[in-house]
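Contents: one structure, followed by commentary.
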Amino acid sequence: MSSDPVIEQETRHSSRGCCNATKPCLVTATLCLCFPIIIFLAIPATMSPTFTLDPASSIPSFNVSSSRVAAEWTLIFSVENPSKLVPVKYTGMKATIFMDSAPLAHAKVEPFVQKAANHTNVRAHCRSDLPRANKLSIKSLVSGLEHGAVRTDVVLSSGRRLGLGAWWVPVFDVSVTCNDVLFTAESDSGGLTLLAGTAYCTLGLFGYL
11 MSSDPVIEQE TRHSSRGCCN ATKPCLVTAT LCLCFPIIIF LAIPATMSPT FTLDPASSIP
71 SFNVSSSRVA AEWTLIFSVE NPSKLVPVKY TGMKATIFMD SAPLAHAKVE PFVQKAANHT
131 NVRAHCRSDL PRANKLSIKS LVSGLEHGAV RTDVVLSSGR RLGLGAWWVP VFDVSVTCND
191 VLFTAESDSG GLTLLAGTAY CTLGLFGYL
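If you count by this note's numbering, then the sequence shown holds residues 11 to 219, one letter each, in order.
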């Protein structure tokens with residue numbers, strides 16, 4: 011026995027109506043679920059971390075010869091996570107030392123996780139071993155080491171992820187610049203230490219996002 015065509019047509023129209031009515035509901039439900047997550051991530055993502063160079067940073071040893079100049083650099087960064095809820099993972103961190111805009115040395119830092127509302131000290135060991143060339147940066151380095159006052163710029167860059175349960179959500183990378191960092195000679199050793207008051211660091215534009 012065949013079905014009534016009118017009934018079949020009404021049934022199809024009814025099914026389509028249900029589907030059309032369900033789609034907005036699903037979209038609304040998805041937005042309701044995602045919106046708190048977006049807000050939860052957006053707020054800490056816009057809270058800028060704070061970076062400073064610790065006074066314990068130093069040039070513990072160096073050697074200047076007629077053909078080469080070598081120096082060991084110990085950079086200690088103090089990192090503050092301002093969020094009281096969200097941990098941060100730093101990856102691919104790299105510290106680079108510049109003099110007269112020319113790189114002298116760099117070092118990679120192991121990835122680490124920083125808990126919420128936490129201060130973490132990050133240590134980077136750099137070594138520069140360069141030929142004594144007729145370059146402004148090399149001349150400045152040699153002169154600074156010989157006179158006990160080395161002035162450099164330090165750049166720290168890193169990837170950054172925010173912790174959300176079992177997931178780490180990537181946000182903008184950070185780039186930190188510490189200008190006019192001054193190391194001065196100690197009276198009781200052959201090394202140079204960071205002069206207090208010269209460890210101010212600023213975030214690049216995307217570090218605030």
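Just so it is clear, CB atoms sit at the ideal spot from N, CA and C, and this is done for glycine as well.
The model shown is predicted, which means the values in this text are computed figures rather than measured ones.
Quiz prompt | Residue(s) in a DSSP beta bridge with V98 | solution = Q124, L172
Practice problem: Could you pull the start and end residues of the beta strand (DSSP E) that E196 belongs to? | Solution: Here E196 belongs to no beta strand (DSSP E), and DSSP marks it neither H nor E.
Quiz item: Do you know how far the Cα of S138 is from the Cα of R78?
Solution: 10 Å
Practice problem: Could you spell out where the beta strand (DSSP E) holding S153 opens and where it closes? | Solution: S153 -> not in any beta strand (DSSP E); alpha helix (DSSP H) instead, spanning 146 to 157.
Quiz item: How many whole angstroms separate the CB atoms of A105 and A81, which I take to be in contact at a CB cut-off of 8 Å?
Solution: 14 Å between Cβ atoms; not a contact.
Quiz item: Assuming S88 contacts L204 under a Cβ cut-off of 8 Å, what Cβ separation, rounded to an integer in Å, is found between them?
Solution: Going by Cβ atoms, the distance from S88 to L204 rounds to 12 Å, so no, they are not a contact pair.
Quiz item: Helix, strand or coil: which one does DSSP assign to N189?
Solution: strand
Self-check item: A176 burial status per 10 Å Cβ neighbour count (16 or more: buried)
Solution: exposed
Quiz item: Do A206 and P65 have their C-beta atoms within less than 8 Å of each other?
Solution: yes
Quiz item: Are the region 148 to 160 and the region 89 to 99 touching, with three or more C-beta to C-beta distances below 8 Å?
Solution: no
Exercise. Compare the beta carbon distance of L166 and M103 with 8 Å and say whether it is the shorter of the two.
Key: yes
Quiz item: How close, in whole Å, do the beta carbons of C3 and L202 come, if the pair is a contact with beta carbons under 8 Å?
Solution: Examination of residue 3 is not possible in this model, given that the chain is present from 11 through 219 alone.
Quiz prompt | C188 versus P121 - alpha carbon distance | solution = 21 Å
Quiz item: According to the neighbour-count rule (16 or more other Cβ atoms, all chains shown, within 10 Å of its Cβ), is P59 buried or exposed?
Solution: buried
Practice problem: Tell whether a beta-carbon distance below 8 Å holds between F182 and R171. | Solution: no
Quiz item: Taking the alpha carbon of M109 as the point to measure from, which residue in K145, V132, V186 has its own alpha carbon closest?
Solution: K145
Quiz item: Based on Cα-Cα distance, which residue from S185, A195, D190 lies nearest to L213?
Solution: S185
Self-check item: Residues of its chain near L155, where Cβ-Cβ distance is below 6 Å and the 5 sequence neighbours each way are ignored
Solution: F72, V74
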